[in-house]
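These notes concern the structure reproduced below.
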Amino acid sequence: MIQVINLSKSFKDGVDVLKNVSIDFKEGELVIIKGKSGSGKSTLLSLLAGLSKPTSGEVIVDSKHISKLPDHFSSAYRRDNIGIIFQKYNLIPDISVKENILLPLVPLNLSLGEINNKALNVMKLFHIEHKANELVKNLSGGEQQRTAIARANVANPKIILADEPTANLDEKLSLSFIEMLKQMKSERKTIIVATHDPLFFDLDFVDRVIDFDS
Amino acid sequence: MSRRITFLFFSFVAIVSLLIVEMIYLAIFHSLDEKDIQMKSSFSRYIGLPNLAITNTPSLRHASLNSVFDIYSLDPVLREYDKGTYVIFMKKDF
Amino acid sequence: MNIQLLEYALKYLQRNFFKNIFIFVVLTLMTWLLASMFFITNSMKYELNLTLDTLPDIILQHKKGGISSTIDESISMQILEIPGVESSQPRVWGYYYFEKAEVYFSILGIDEFEKQNRQTLLNIVDTQNIESNSMIVGQGVAKILEQNYYKEYFNFIKEDGSVMKVYIGGTFKSQTLLESNDMIVMDKNSVRDLFGYASGEATDIAIKVTNKLEVPTVALKITQNYPNLRVLTNEDIRVSYENIFNYKNGLFLALFVSSIFTFFIIVYDRLSGMSSAQKREIGILKAIGWRVEDVLKAKLYESLIISIFAYLLGIFLAFSFVYLLNAPLLKDIFIGYSQMKPAFELAFLVDFQTLFLLFFLSVPIYVIATIIPSWKVATLDADEVMR
Chain X
10 MIQVINLSKS FKDGVDVLKN VSIDFKEGEL VIIKGKSGSG KSTLLSLLAG
60 LSKPTSGEVI VDSKHISKLP DHFSSAYRRD NIGIIFQKYN LIPDISVKEN
110 ILLPLVPLNL SLGEINNKAL NVMKLFHIEH KANELVKNLS GGEQQRTAIA
160 RANVANPKII LADEPTANLD EKLSLSFIEM LKQMKSERKT IIVATHDPLF
210 FDLDFVDRVI DFDS
Chain C
21 MSRRITFLFF SFVAIVSLLI VEMIYLAIFH SLDEKDIQMK SSFSRYIGLP
71 NLAITNTPSL RHASLNSVFD IYSLDPVLRE YDKGTYVIFM KKDF
Chain G
842 MNIQLLEYAL KYLQRNFFKN IFIFVVLTLM TWLLASMFFI TNSMKYELNL
892 TLDTLPDIIL QHKKGGISST IDESISMQIL EIPGVESSQP RVWGYYYFEK
942 AEVYFSILGI DEFEKQNRQT LLNIVDTQNI ESNSMIVGQG VAKILEQNYY
992 KEYFNFIKED GSVMKVYIGG TFKSQTLLES NDMIVMDKNS VRDLFGYASG
1042 EATDIAIKVT NKLEVPTVAL KITQNYPNLR VLTNEDIRVS YENIFNYKNG
1092 LFLALFVSSI FTFFIIVYDR LSGMSSAQKR EIGILKAIGW RVEDVLKAKL
1142 YESLIISIFA YLLGIFLAFS FVYLLNAPLL KDIFIGYSQM KPAFELAFLV
1192 DFQTLFLLFF LSVPIYVIAT IIPSWKVATL DADEVMR
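Residue numbers (my numbering), protein chains in the order written: chain X, 10 to 223; chain C, 21 to 114; chain G, 842 to 1228.
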């Protein structure tokens, strides 16, 4: 489903974050990418999502050359296929939980009823419906995490990318996240998690662990 | 539609309607009717002097007949002229 | 139209409520002020231009040493011989200073209310019974005279210091107030006597030309034959009407500068970039699947809502201020101060050119000022923006 071919990324100061990385991801796989800070895990996810362009190499998703897409099409590709859970969640603090969750659906010009249904379903799935009208800045860390996960799933994407999802959470909330991962896996989504949290490395429902350090 | 959009829509309709109603009202009650215009034209034809009676100072009352009527000389169009400018322009073509 | 994007734009406006209200108020005030100015000058020019065609086609004046002097009446007979000239009428008119009230009256002499003009006169005067040795006065004149105890007649002081008593025969109708307020019309010989004109002298000569297209030709012939005369055509008067309020517009614009200044500060602030929070928000939207055009559409809705509402409200307030309240204070800038100011209402007219001009001076500028910085951020890599 996802092919990464000789992917390299250097930043303006000349630092090579990724060098000739080649990986394949199958449909419905849950893959953990482990590695220290600065190993290039987040950069890889960013390139898979089309959030930035590689220096060389390619990302192909379902025969589409994502890395070569102009901005207009890469945004549309992201909208239709990818749900991203950012390390710092990247929620908009001054709007409510429901409004944050709905954001990926706004450009689709769906009816109000359809949008509300999708939001309600995903809020129930991730147990955040009781905070629907609460402003995000007033939520706890765990609630913000669930909001971020709900937003990533609202458009029912095929691929979920999670970048250090438990970096700011305690063990209890990290375990809660793992439960939600299980749930997403059961829906046959392709899930790629970049993390250095050891809680993820020995999970029985994980298909593969890729070690970036080696 | 959400409450906000409904409010926006009705606000827009309200202000446009107010504007239209105001313009219609002003057109009916505050514009010059034919009778007024006829009266002014009759007066002007009878008297034959230009400009309005908003000032009484001799140098400004029938200002368009003066040789200088831009007291601050701010506009080149209103430069002082002895002969009428229209005639001068015509003269240059001959 | 994407209703959800519109909803997002509304919510965004609400989140920055006080800033947006400030911008809205400034834009509204600016539109109101500018619109009021245009409406006042348009109304005044409309009044002027209403009667332009009724004025003489050519006016002849005589100047001696650059100073206005009387003109020889016999020239008018010679002018009649020029082909195309329909009529040539020597006129006697001038200004009379009423010292007690410190006002000038504008006095015009008419050939003893002659029969062919009598019906015209009766149409514009309040009375139907005009004595031949009486005068017709404007309402402002009647009021001043009455205030100075002259109810039925007035004693003019002639050139030689003697008194000339003239009865008040009637007043001009109120519809002509703007034109007649300070005017007195009486017998031509009386005016001649009053101003001390010698026999055969006139103030100027008013000429009517049969074919209006011939006016420049006739004017040219007169200039060639009488190089010492000043020839004014109706076109000259039209040009002066177009520009008559220019210097006062300049005064007004000096007052208006503070609003324009604030507006451009807002525009500059918008153009010079967005806050980090605003940039981050656009980065997040791009990251979750918004395209550049979605972001720009939302910003377009935002800026259109503020600027269009401000424009409509500004125009509405300007119409109310100028035509319902009669533009207090602002009207005085254009009318100026005078002892005998006519109390008149500005005539309503809709000038679509003015409305379009005001629209294009405000709405597109504000929209562009909002969209450009958003576009700059939206076209960057989302990753870069979010970092």
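For every residue, glycine included, the Cβ atom is placed at its ideal position computed from N, Cα and C.
Just so we're clear, the structure is a prediction, and the values are computed from it rather than from any experiment.
Count the other CB atoms within 10 Å of the CB of residue i; is the residue buried (16 or more) or exposed (fewer)?
i: Met918 of chain G; result: exposed
i: Phe114 of chain C; result: Any reading at Phe114 of chain C needs caution, since the residue's pLDDT is 41, under 50, leaving its predicted position unreliable; the model's value is listed next. Flag for Phe114 of chain C reads exposed.
i: Ile200 of chain X; result: buried
i: Thr1211 of chain G; result: buried
i: Phe1036 of chain G; result: buried
i: Asn99 of chain X; result: buried
i: Phe1175 of chain G; result: buried
i: Arg1132 of chain G; result: buried
i: Gln68 of chain C; result: The question names Gln, but residue 68 of chain C in the sequence shown is Gly. Under this definition Gly68 of chain C is a buried residue.
i: Glu943 of chain G; result: exposed
i: Pro924 of chain G; result: exposed
i: Lys45 of chain X; result: exposed
i: Gln845 of chain G; result: buried
Alpha carbon to alpha carbon, how far is residue i from residue j?
i: Ile32 of chain X; j: Val131 of chain X; result: 31 Å
i: Ile1025 of chain G; j: Leu1145 of chain G; result: 55 Å
i: Leu148 of chain X; j: Val106 of chain X; result: 9 Å
i: Leu1221 of chain G; j: Ala1128 of chain G; result: 11 Å
i: Glu1143 of chain G; j: Thr1074 of chain G; result: 53 Å
i: Pro931 of chain G; j: Ile899 of chain G; result: 12 Å
i: Leu1170 of chain G; j: Tyr1164 of chain G; result: 13 Å
i: Leu891 of chain G; j: Gln980 of chain G; result: 21 Å
i: Gln58 of chain C; j: Thr895 of chain G; result: 11 Å
i: Leu238 of chain X; j: Ile93 of chain X; result: The structure shown does not extend to residue 238 of chain X, since chain X is modelled only from 10 through 223, so no value can be given for it.
i: Ala73 of chain C; j: Ser1081 of chain G; result: 16 Å
i: Val26 of chain X; j: Pro102 of chain X; result: 31 Å
i: Asp226 of chain X; j: Met193 of chain X; result: No answer is possible for residue 226 of chain X: it lies beyond the span of chain X, which begins at 10 and ends at 223.
i: Gly1041 of chain G; j: Ile951 of chain G; result: 15 Å
i: Ile1063 of chain G; j: Thr911 of chain G; result: 17 Å
i: Gly1130 of chain G; j: Leu1198 of chain G; result: 39 Å
i: Lys191 of chain X; j: Asn109 of chain X; result: 23 Å
i: Glu1033 of chain G; j: Met1005 of chain G; result: It should be pointed out that residue 1033 of chain G corresponds to Arg in this sequence rather than to Glu. If you take the alpha carbons of Arg1033 of chain G and Met1005 of chain G, they lie about 12 Å apart.
i: Asn974 of chain G; j: Glu922 of chain G; result: 33 Å
i: Leu144 of chain X; j: Leu112 of chain X; result: 14 Å
i: Ala164 of chain X; j: Ser183 of chain X; result: 24 Å
i: Gly122 of chain X; j: Thr64 of chain X; result: 43 Å
i: Ala157 of chain X; j: Tyr86 of chain X; result: 19 Å
Going by the DSSP bridge assignment, what does residue i pair with across the sheet?
i: Lys905 of chain G; result: G:Ile908
i: Arg1071 of chain G; result: G:Gln902
i: Tyr938 of chain G; result: G:Tyr945
i: Tyr1008 of chain G; result: G:Ser975, G:Tyr994
i: Asp1028 of chain G; result: G:Ile951
i: Ala1043 of chain G; result: G:Ile912
Which of helix, strand or coil does DSSP assign to residue i?
i: Trp1131 of chain G; result: coil
i: Phe20 of chain X; result: coil
i: Phe135 of chain X; result: coil
i: Val33 of chain C; result: helix
i: His81 of chain X; result: helix
i: His205 of chain X; result: coil
i: Pro931 of chain G; result: strand
i: Phe997 of chain G; result: strand
i: Lys62 of chain X; result: coil
i: Val13 of chain X; result: strand
i: Lys1172 of chain G; result: helix
i: Arg217 of chain X; result: strand
i: Leu27 of chain X; result: strand
i: Lys112 of chain C; result: Residue confidence is low: Lys112 of chain C scores 44 on pLDDT, short of 50, so the model does not pin down where it sits. No coordinate-derived value is stated.
i: Ile41 of chain X; result: strand
i: Ser1117 of chain G; result: helix
Along chain B, in chain order, which residues have C-beta atoms closer than 8 Å to that of residue i?
i: Gly1130 of chain G; result: In summary, chain B is missing from the structure at hand, where the protein chains are X, C and G.
May I ask you to verify whether the stretch 1127-1138 of chain G touches the stretch 1149-1157 of chain G, counting CB pairs closer than 8 Å and requiring at least 3? Short answer: they don't touch.
Can you confirm whether the stretch 879-886 of chain G touches the stretch 55-66 of chain C when touching is taken to mean that 3 or more C-beta pairs between the two stretches lie within less than 8 Å? Output reads no: the stretch 879-886 of chain G does not touch the stretch 55-66 of chain C.
Count the C-beta pairs between the stretch 1202-1210 of chain G and the stretch 864-872 of chain G that are closer than 8 Å, then say yes if the count reaches three, no if not. The count of Cβ pairs closer than 8 Å, one atom from the stretch 1202-1210 of chain G and one from the stretch 864-872 of chain G, reaches three, so the stretches are in contact.
Does the stretch 1047-1055 of chain G touch the stretch 938-949 of chain G, meaning 3 or more C-beta pairs lie closer than 8 Å? Output reads no: the stretch 1047-1055 of chain G does not touch the stretch 938-949 of chain G.
Do the stretch 14-22 of chain X and the stretch 199-216 of chain X touch if we need at least three Cβ pairs shorter than 8 Å? Too few Cβ pairs lie closer than 8 Å, so no.
Is it the case that the stretch 51-66 of chain X contacts the stretch 75-91 of chain X, given that we only count it when at least three CB pairs across the two stretches are under 8 Å? The stretch 75-91 of chain X makes contact with the stretch 51-66 of chain X; the number of CB pairs closer than 8 Å reaches 3 or more.
Taking 8 Å as the cut-off, does the stretch 128-147 of chain X touch the stretch 30-39 of chain C (at least 3 CB pairs, one atom from each stretch)? In this structure the stretch 30-39 of chain C does not lie against the stretch 128-147 of chain X, because fewer than three pairs of beta carbons, one per stretch, are closer than 8 Å.
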